[in-house]
Every structure is written in structure tokens, then in C-alpha cells.
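Notes for the one structure printed next.
2 protein chains.
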Amino acid sequence: MSSPKKILIADDEPDILEIIQFNLAAEGFEVITAKNGDEAIELAKKHLPDLIILDVMMPGKTGIETCNILRTHPALKETLIIFLSALSDEGTEIRGLESGADDYLTKPIRPKILISKVIALFRRLKKENESIVKHGDLIINKESYLINYKGDDIILARKEFELLSLLASKPGKVFLRNEILNQVWGTEVIVGDRTIDVHIRKIRQKLNLDCITTVKGVGYKFEL
Amino acid sequence: MSSPKKILIADDEPDILEIIQFNLAAEGFEVITAKNGDEAIELAKKHLPDLIILDVMMPGKTGIETCNILRTHPALKETLIIFLSALSDEGTEIRGLESGADDYLTKPIRPKILISKVIALFRRLKKENESIVKHGDLIINKESYLINYKGDDIILARKEFELLSLLASKPGKVFLRNEILNQVWGTEVIVGDRTIDVHIRKIRQKLNLDCITTVKGVGYKFEL
DNA sequence: AGAATGCCTTAACAATTTGATAATACAGTA
DNA sequence: TACTGTATTATCAAATTGTTAAGGCATTCT
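For the record, the sequence lines run as chains A and B.
In case it helps, this note's numbering puts the first sequence at residues 1 to 224.
In case it helps, this note's numbering puts the second sequence at residues 225 to 448.
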């Protein structure tokens, strides 16, 4: 489906760690585990996970302290964080959320609920690194350089494919011509004015589908 | 976003409705209430809230059914949704999250937890959608170069869009003609006196909405 | 190697949209 | 009324994009 999302879990109880790891891995996530806050911080810096699940009660640093430290790192400022806690203590839960977490779950862990919540959180995030993008009947596979529309494979040339991939990576967003040139052609290469148009035309022709909209004087955008 | 966040609550129990309304209003949110799913759908289309809180168990449409209908409306596709339920039924909770909700809370409602979660959701959303400006029923999306009024997309030409964006960036502020020229046309270009008027007229015509006020001898301002 | 194929770019021209202006009508005010 | 500033409309020039064809280049095939 997509390049697997990385999830870091920190909990001092090996059992819980294993249960969560097993369930998330079964859903296709890439899971990294840490036994305490310090290890979590170290691993987070190293792997830059998409989501961090922190137990609140851990020896050494608590989950909330760990969270605060993680948030000081530029690359981890936006990372999703979920707290786990045995306590159903309202004050702790509120402090957890206030410290910049995105959710708070109380033990006992119900794996299916956890997974649903994880998926709900990811749904809100950008899908930039996805190697397969689907929009309605259109499937773009960046790994095999294939487009499939309603079951039929469509072959695009490299530049055409890269151009479509770029536009489809953020449906609705208008890409300026400069933006497109930098992303697809690079900053070094200089090509003529009509080059983009011609490629756009070929894509529209091959797909035979009205999914690229011209915004005159601005650029192009992808939308179904 | 500038204006206070709008939250729509749907629950058939007046007590719960009142408790939630009171607590959210105390935090500065603008709260709208509905007694059932149908009313929620109607009010949602009318007010385009930023967050919708749905009770799962309601007479008539359930919260999940309501959610699914809401999601079919273009302007409500991305709206945050939280479910409330007395049931601590795992299956229902999972189905709720799968139907596109962002969180699921079980009753009894703990107001402070609810508020924390609401704030956490808005905090996460803000990082993504900074290019979208809302004023009442009017949504200006700088990323897709689209104006949306009461669910309908309106296409403005570049200059028209930039002009409206500028005025709407500070509702109530009167922009002098010079100010507008510098911001939209730049200091290099020199255009005639009537140019701004003509563009203003086109915007008014396309939006068919009285949101730009002429301040004679001074300039223009945006207000609903 | 030589031929064939397909990709990328460019040039030239057509089609379209946008932006600016001028001319005129209108509104408010002293 | 005369004056000042804005609204409206039509028109034309300019800017932008669409389309097509052709040539260079690289890759693949025989």
C-alpha cells in the first residue's frame, strides 16, 4: 500500500510492549521499541518515526517529560504522540494532552481500539512518502512507474509520470510552474516555456480523464 | 484562523447537550446544538462548523449514519468529528473511527478531558491547514486558489483572487487604494485609477455577496 | 554497427483568458 | 447644480496556455 509508517513505542513493561508491537506489526507498521524515556529519545532522533506511543509511568523520565524533550527537537515537533497510562487520572491525562500529545489511551490496552486510533490519526496527515497513491479509479504506483485507471494499465514516459505524481501528491494544491520545474526538472536545467504544457497535454491525452486543472497565471492542480 | 472556532453538538439528551455547551462556551468556542442527526446535518450545512460532536445513540439516525452523510457534503469532508457514546462497546467504537471520525469518547463525559481533546485536535489541524481562511460561509483556500461560498466553488481570476485575499486577510480594515496597488500590483507597475474598481466589481459579481464595502474617498474593506 | 523506436524539447501558431482603459452612468454632497 | 468620487460596461491589447509537428538524442533491437 504505502511505504510503511514507523511507530516508536516506549514502555517499561515487556508484556505491553510485545502486545502492542505484535498488533501494530500485523497491520503493516514498522515498529521500534524502547524500554524507557531516554532510549525513546535516542531512537526517535535516529529513526524519526511517524508516531510515538509513550507510557506515562516509566522509571527515570516519565512519558510527559519525555514528550516535552522530544518536542524540543525540530524534526520531532510535528510527530504524532499518543500517551498510554494505567491511571485513569484526569489531571494526568489533561497534562498529557496539554504537553502536545494527540491522544491519550488508558490501560488495559484494547489492541483494536489502539489500531483504529492510530489509523484515524494518520488519516489526518499528509501522504507524501506513499509509493502508491489512489484517487478514485486512478492508481499511481511510484515504485513500478505504472498508472492504472479502471483496471487498465497506462504507460507514461518518465517526465510525464513524475509530473503527474507530483500533482497527485497533493490533490487540490496548485503547483506553480516554478515549483513544477524545480521538482521535476531540478534547479540546474533550464527548459523552455512550453515544455510543461506539452507534457500536461500528453498526460491528459493518455489518461483521457479530466483530472488536471489549469489555473491560469498560477499553475496546475490535480483533482478528480 | 481568526474567528472563534465553531462547534456543533448533536445529542438527544438535553442535560448532556447543556453540560458540553456550557463547558465549550466557557473556553471561548462558538457552540451550536442539535437534538438529532437530521438537525445536525441541516445545521452543519448552514454553519460549516470546525468540529462536530455526535452522540452515537440518537433516535432516528445514529451518529455513525449521520457522520457518513456529513462526509458526502464537499465542504464537510475534512471537518473534525468526535463521537460520544454511553456504550463502551469495542465494535461500535471501531466502526465509529473507521467511518472517518477523529476521536471517540465514552460517557460519562468528563468536561475537562473533552476540552483537552478538542484543543489537541485543533492544534494538530492548524499545522496542516494554514492556507485556508474562513469567514462565515465564505472559505478562501489559497492553496487551491478556490473560493467556496455555502458549498459552491467559485473561480476567480488571479488578480481578483489576490485582491479578495488581501481584503479578507484583515476583515474590517479599510485598505487604501495605494495600499492595494502596492500589495497586489507591486510598486513597479503603474495602472490607471479605475482598474481597482473594475476588479472589485467582478468579485462582487462572481460572489454575488455583499462583503466588500466601499469607503468613499478612502478605499475598500471586507466584512460580512 | 546500423536501424528502429520512443522520449524530450523546441518552435510556430491557434485559442483562450485576463487585465487595463476609456467612456459613460450613477450617487452623494456642498 | 456643480463637483467629486465610484460603478458599470464594452472593447482591445497583452499575457498565458493549448496544440501540433518536427528534430535531436538516447536506448534498444537485430
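Backbone N, C-alpha and C define an ideal beta-carbon position, used for all residues, glycine too.
**Prompt:** Using the beta-carbon of each residue, which ones in chain A are nearer than 7 Å to L275(B)?
**Reply:** Chain A residues near L275(B): none, gap ~13 Å exceeds 7 Å.
**Item:** DSSP bridge partner residues for H199(A) (one or two, in chain order)
**Value:** Answer by DSSP bridge pairing: none, since H199(A) is not bridged.
**Item:** Environment of V439(B) [buried if 16+ CB atoms lie within 10 Å]
**Value:** exposed
**Message:** Our contact map puts S85(A) next to T66(A) with C-beta atoms below 8 Å; I'd like the distance itself, whole angstroms only.
**Reply:** Their Cβ separation, rounded to whole angstroms, is 13 Å, which puts S85(A) and T66(A) out of contact at 8 Å.
**Message:** Which residue wins for smallest C-alpha separation from Y220(A), given the options R194(A), V174(A), N208(A) and A10(A)?
**Reply:** V174(A)
**Asked** Does G217(A) have its Cβ less than 7 Å from a Cβ in chain B?
**Response** yes
**Prompt:** For the candidate residues D55(A), V31(A) and K77(A), whose alpha-carbon lies nearest to that of D7(A)?
**Reply:** Reading the sequence as shown, one finds Ile at residue 7(A) and not Asp. Residue V31(A) is the option with its Cα nearest to I7(A).
**Message:** Just to confirm my understanding: we take A40(A), look at its own chain, exclude 5 residues before and 5 after, and list those with CB closer than 6 Å. What are they?
**Reply:** A10, A34 and T66
**Asked** With respect to the beta strand (DSSP E) encompassing V398(B), which residues constitute its N-terminal and C-terminal limits?
**Response** V398 to L400
**Request:** Could you name the residues that DSSP lists as bridge partners for V255(B)?
**Result:** I231(B)
**Prompt:** Name the chain A residues that come within less than 7 Å of S368(B), Cβ to Cβ?
**Reply:** G172, K173, V174 and K221
**Asked** How far does the alpha helix (DSSP H) with N23(A) in it reach, from first residue to last?
**Response** P14 to A26
**Request:** Spell out the partners DSSP gives H73(A) in its beta bridges.
**Result:** Paired residues: none, contrary to the question.
**Message:** Quick check: is the beta carbon of E317(B) nearer than 7 Å to any beta carbon in chain A?
**Reply:** yes
**Asked** Which residue spans inside the segment 105-154 of chain A form an unbroken alpha helix (DSSP H) run of at least 4?
**Response** 111-123
**Message:** If the cut-off is 9 Å on Cβ atoms, which residues from the segment 151-170 of chain A count as contacting chain B, listed in chain order?
**Reply:** K170
**Request:** Taking 7 Å as the cut-off, decide whether the C-beta atoms of L207(A) and H135(A) are in contact.
**Result:** no
**Asked** With distances taken from CA atoms, which of E13(A), S116(A) and K142(A) is nearest E162(A)?
**Response** K142(A)
**Asked** Hey, would you say F307(B) sits closer than 7 Å to V342(B), going by beta carbons?
**Response** no
**Asked** If F222(A) sits next to P171(A), beta carbons under 8 Å apart, how far is it from one beta carbon to the other, in whole angstroms?
**Response** 5 Å
**Prompt:** Per DSSP, K221(A) is paired with what?
**Reply:** V174(A) and T213(A)
**Message:** Could you check whether the segment 308-325 of chain B touches the segment 265-285 of chain B, counting it as contact only if at least three pairs of C-beta atoms, one from each stretch, sit closer than 8 Å?
**Reply:** yes
**Request:** Classify M1(A) as helix, strand or coil using the three-state DSSP reduction.
**Result:** Residue confidence for M1(A) is low, a pLDDT of 44 falling below 50, so the modelled location carries little weight; the figure read from the coordinates is stated next. Correct three-state label for M1(A): coil.
**Request:** Look up S88(A) in the DSSP assignment and give the residues it is bridged to.
**Result:** Answer is none; S88(A) lacks a bridge partner.
**Request:** Classify D279(B) as helix, strand or coil using the three-state DSSP reduction.
**Result:** strand
**Item:** Backbone secondary structure at I82(A) - three-state DSSP
**Value:** strand
**Item:** Length of the line joining the Cα atoms of I69(A) and A120(A)
**Value:** 25 Å
**Prompt:** Taking the alpha-carbon positions, what's the D434(B) to I424(B) distance?
**Reply:** 11 Å
**Prompt:** Looking at the structure shown, is D50(A) part of a helix, part of a strand, or coil, going by DSSP?
**Reply:** coil
**Asked** For D103(A), which beta-bridge partners are listed by DSSP?
**Response** I82(A)
**Message:** Using a Cβ-Cβ cutoff of less than 8 Å, which residues in the same chain neighbour E242(B) once the five nearest sequence positions on both sides are dropped?
**Reply:** none
**Asked** What's the C-alpha gap between A26(A) and K46(A)?
**Response** 23 Å
**Request:** State the Cα-Cα distance for the pair L300(B) and L97(A), rounded to the nearest angstrom.
**Result:** 26 Å
**Message:** Counting only Cβ pairs nearer than 9 Å, list the residues of chain A close to I337(B).
**Reply:** E90, E93, I94, L97 and Y104
**Asked** Could you give the distance in angstroms between the alpha-carbon of I363(B) and the alpha-carbon of I436(B)?
**Response** 15 Å
**Prompt:** Is the shortest distance between the beta-carbon of R295(B) and the beta-carbons of chain A less than 7 Å?
**Reply:** no
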